[in-house]
Amino acid sequence: MSGKPLLLYLDNAAEFKSEALRRGCEQHGIRLDYRPLGQPHYGGIVERIIGTAMQMIHDELPGTTFSNPDQRGDYDSENKAALTLRELERWLTLAVGTYHGSVHNGLLQPPAARWAEAVARVGVPAVVTRATSFLVDFLPILRRTLTRTGFVIDHIHYYADGHCCK
1 MSGKPLLLYL DNAAEFKSEA LRRGCEQHGI RLDYRPLGQP HYGGIVERII GTAMQMIHDE
61 LPGTTFSNPD QRGDYDSENK AALTLRELER WLTLAVGTYH GSVHNGLLQP PAARWAEAVA
121 RVGVPAVVTR ATSFLVDFLP ILRRTLTRTG FVIDHIHYYA DGHCCK
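Structural data, given as structure tokens:
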């Protein structure tokens, strides 16, 4: 399951209203759809997957703090909390595979099966072929006024003599 989305369904947080996100999505044909203001129940989809992910982390990763002290018992969370990057990547791969292969309560089927149905109906999503360019299209935008003395970013003045740009 991969590819560029056609739609991002977002809440109204400031980070989802940025010019960079709007511009990047526009350049790549990704529609932005915001949930209605004052309607938190529309966020249940995202909240549910975050809850599922957090449960997997608490249940399976070394160093878990468990849900409460009684569950933790004598388990030494701090000293057991260690993974190599390779181990973390393996764990994430297994967790995602498990999630997509397990029956989802809301879908009544595994997410992978729902994905396959959608692909059969509408085709495979477009693939991002130029990853660096794609990333750059979503980077934050800083607008500065260029004057005869240069410009300023974060209190640092940048200037080049007139010969650089001819």
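For the sequence shown, the UniProt record's numbering assigns the number 1 to the initial residue and increments by one for each residue that follows.
Note that CB positions come from ideal geometry on N, CA and C, so glycine has one too.
A quick note: this is a predicted structure, and the numbers were derived from the prediction, not measured.
Could you give the residue range of the beta strand (DSSP E) that holds TYR9?
Numbered from 1 along the sequence shown, position 9 holds the residue referred to as residue 9. Element bounds for TYR9: 7-10.
Tell me, please, whether the stretch 34-49 touches the stretch 3-11 by the rule of three or more beta-carbon pairs shorter than 8 Å.
yes
Using the Cα positions of GLU60 and MET1, report the straight-line distance between them to the nearest angstrom.
As a first step, residue 60 must be located in the sequence shown, where it is residue number 60. As a first step, residue 1 must be located in the sequence shown, where it is residue number 1. Between GLU60 and MET1, the C-alpha separation is close to 24 Å.
When PHE134, GLN71, GLN55 and SER133 are compared against ALA95, the one with the closest alpha-carbon
Position 95 of the sequence shown holds residue 95. Taking only the C-alpha atoms, the option nearest ALA95 is GLN55.
For ILE49, does the three-state DSSP call read helix, strand or coil?
In the sequence shown, counting from the first residue as 1, residue 49 sits at position 49. Reduced to three states, the DSSP call for ILE49 is helix.
Straight-line Cα distance separating PHE138 from LEU21
Taking the first residue of the sequence shown as position 1, residue 21 is located at position 21. Taking the first residue of the sequence shown as position 1, residue 138 is located at position 138. So the two alpha carbons sit approximately 6 Å from each other.
Does the stretch 124-137 touch the stretch 21-30, meaning 3 or more C-beta pairs lie closer than 8 Å?
yes
Would the beta-carbon of LEU7 fall within 7 Å of that of ASP33?
Within the sequence shown, the letter at position 7 stands for residue 7. Within the sequence shown, the letter at position 33 stands for residue 33. In contact: LEU7 and ASP33 (Cβ atoms closer than 7 Å).
VAL119 - containing alpha helix (DSSP H), residue span:
Along the sequence shown, one-based indexing puts residue 119 at 119. Unbroken alpha helix (DSSP H) run through VAL119: 111-122.
DSSP beta-bridge partners for THR147?
As a first step, residue 147 is located in the sequence shown; it is residue number 147 there, counting from the start. In the DSSP output, where bridge partners are listed per residue, THR147 has GLY150.
Please determine, among ARG86, THR65 and TRP91, the residue with the shortest C-alpha to C-alpha distance to LYS80.
For the purposes of this step, residue 80 is taken as the residue at position 80 of the sequence shown. Looking at the Cα atoms, THR65 is the closest of the given residues.
What residues match up with ILE141 in a beta bridge as DSSP calls it?
For the purposes of this step, residue 141 is identified with residue 141 of the sequence shown, where counting begins at 1. None, per the DSSP bridge assignment.
How is LEU135 classed by DSSP in three states: helix, strand or coil?
Along the sequence shown, one-based indexing puts residue 135 at 135. Helix.
C-alpha distance - VAL122 paired with THR149, whole-angstrom precision:
Taking the sequence shown and counting its residues from 1, the one referred to as residue 122 is at position 122. Taking the sequence shown and counting its residues from 1, the one referred to as residue 149 is at position 149. Their Cα atoms are separated by approximately 54 Å.
Could you name the residues that DSSP lists as bridge partners for HIS28?
Within the sequence shown, numbered from 1, the residue matching residue 28 stands at position 28. According to DSSP, HIS28 bridges with nothing at all.
So what does DSSP say about TYR75, is it helix, strand or coil?
Position 75 of the sequence shown, counting from 1, holds the residue named residue 75. TYR75: coil per DSSP, three-state reduction.
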